[in-house]
Ligand code: PEP
Ligand code: MG
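Residue numbers (the UniProt record's numbering): 1 to 571.
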């Protein structure tokens, strides 16, 4: 057996066979064929198999994600049955006596180029559909297996270079026991999704797709960040034991589900959870979350062919607010761009997408998109305890502009006779160092801060959060981060506002004592981290940890900080 290490992205142990999620090699040679009739038959068969696969995937998407998400597969099915595309492929086989692979590729390329050059956005999207569908048909012609994550019907561990949010959304939790990828970090979106699906995951292994063959036996240890390839009998026994211990530990945590979060010295802190869709709310409540500290609304926009309508968004926001009752729900406005792509928006390729056109930058320019979201949120505001926050705020002007648009839409709705809550707090995410540095100025205008350390760390240390090569620089406990976080908390408190954190650092057992000592008010984390954090808080004294504050803030390295906290908290 061999073993790979990576980044523990989602807790738990999974033991199952490997399922490779990778586009196979689709290269082929041009060949002359004599029997064109059987060549056309070969094509027809590949088209039929592709059609029946896509129908099943569409059904699966409809059942698990709703009609809107199934739409994309309807568009793919239309391509497969379009005589304007299929007939020219058959004609080419017959008249030029070429193999089906060549005829398919040439004809599809011609249409793709034609559509890509059209002005009309709808037609350009058709080019993307043809590209997608052609790959599937080509794989069937070449008789190589094409991955269909939605159709997995046995227990597997998915391995991939990376998983896109839509790949992850297709995974059926009943069968997918875990996953492991070559790239990504603890805060990459695949890792975040794994935690919300509650499946063990190890990301950033660099070489898993090279070292593992389809069907190899795997153990994914999402607690310690290890993957064992073809483990021995003894290792399997050892990990089955670890799995059982973990389950027992979960039962212990569950006892605190309905308890408030109180430290040893009686301070109450708020432990809330991050969600991506209304379906995640159940997990938040099951894991004892006291609210939603970050609703990442971009999932509403992903895996679709067009922007979600105001009503569709309203339904989603209303559903989350109603399910949460009077518990707070902090909704983040659209944060698209960077690692969160939207194919139908045709965002330009950028050298540094994380530093580029994304989040509030895009929303302020495309205020049509932004206003639709703000209206949907405002309309939903009467159904619960809504707070709105803007992502990626770098300047006070951006906040002022975003807030002005919100107020404009509120006024419009009121004029239209629609009721809107008067108690909506409006805050910002602190993800950019400039904002953390002048938090004092921001604190006079915002109602709250939520520190987005996933991005704040990558911008402060200039270390891409997706790049495992520089993951050694991705240091949550770096004194620079602690000083920025402290600055934000002090600024908030000086103005009587609250400060929360919704980056993954908020649920980290080394960071929690530090943050408690710095006076953080709200901790928003993956739902599965809430109960372990509540358990930990019971044993921490805020007063004692606050006494270490100056010492921690003046330390020189993240290692020093970590060693100090480990010693003081017996970890
Ligand atoms: C963050 O940057 O910390 C954050 C919570 O936002 P996201 O991970 O969605 O970028
Ligand atoms: Mg962010």
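Where a beta carbon is used, it is the ideal one built from N, C-alpha and C, also for glycine.
Query                                                                                                                        : Result
heavy atom of the ligand MG below 8 Å from residue 185 C-beta                                                                : no
Rounded straight-line distance, which links the Cα of residue 496 to that of residue 517                                     : 18 Å
Check: residue 29 C-beta below 8 Å from any heavy atom of the ligand PEP                                                     : no
Neighbourhood of residue 477 by C-beta distance below 6 Å, restricted to the same chain and skipping five residues each side : 558, 561, 562
In DSSP terms, what residue 156 is bridged to                                                                                : 17, 176
Selected residue, minimal CA-CA separation from residue 260, among 243, 237, 291, 281                                        : 291
Start-to-end residues for the beta strand (DSSP E) that takes in residue 500                                                 : 498-501
Whole-angstrom C-beta distance between residue 220 and residue 227, which should lie under 8 Å                               : 6 Å
Whether residue 87 touches residue 30 by CB criterion (9 Å)                                                                  : no
DSSP state of residue 555 mapped onto helix, strand, coil                                                                    : coil
Limits of the unbroken beta strand (DSSP E) element including residue 295                                                    : 292-296
Cβ distance (whole Å) where residue 413 is taken to contact residue 386 below 8 Å                                            : Rounded, the Cβ-Cβ distance is 14 Å, inconsistent with contact.
Residue 379: first and last residue of the uninterrupted alpha helix (DSSP H) it sits in                                     : 367-380
Any non-hydrogen atom of the ligand MG closer than 8 Å to residue 298 Cβ                                                     : no
Buried versus exposed call for residue 197 [16 or more other C-beta atoms within 10 Å across all chains shown]               : buried
Cα-Cα separation, residue 498 to residue 435                                                                                 : 16 Å
Candidates 359, 316, 114: closest to residue 375 by CA position                                                              : 316
C-alpha distance - residue 210 paired with residue 159, whole-angstrom precision                                             : 10 Å
Beta-carbon proximity of residue 486 to residue 553, cut-off 9 Å                                                             : yes
Helix, strand or coil at residue 427 according to DSSP, with G and I counted as helix                                        : strand
Residues bridged to residue 449 (per DSSP)                                                                                   : 428, 499
Where residue 328 falls, given that 16 or more other Cβ within 10 Å makes a residue buried                                   : buried
Residue 356: CB within 8 Å of a non-hydrogen atom of the ligand MG                                                           : no
Spatially closest choice to residue 10 from 78, 184, 451, by CA coordinates                                                  : 184
Buried versus exposed call for residue 294 [16 or more other C-beta atoms within 10 Å across all chains shown]               : buried
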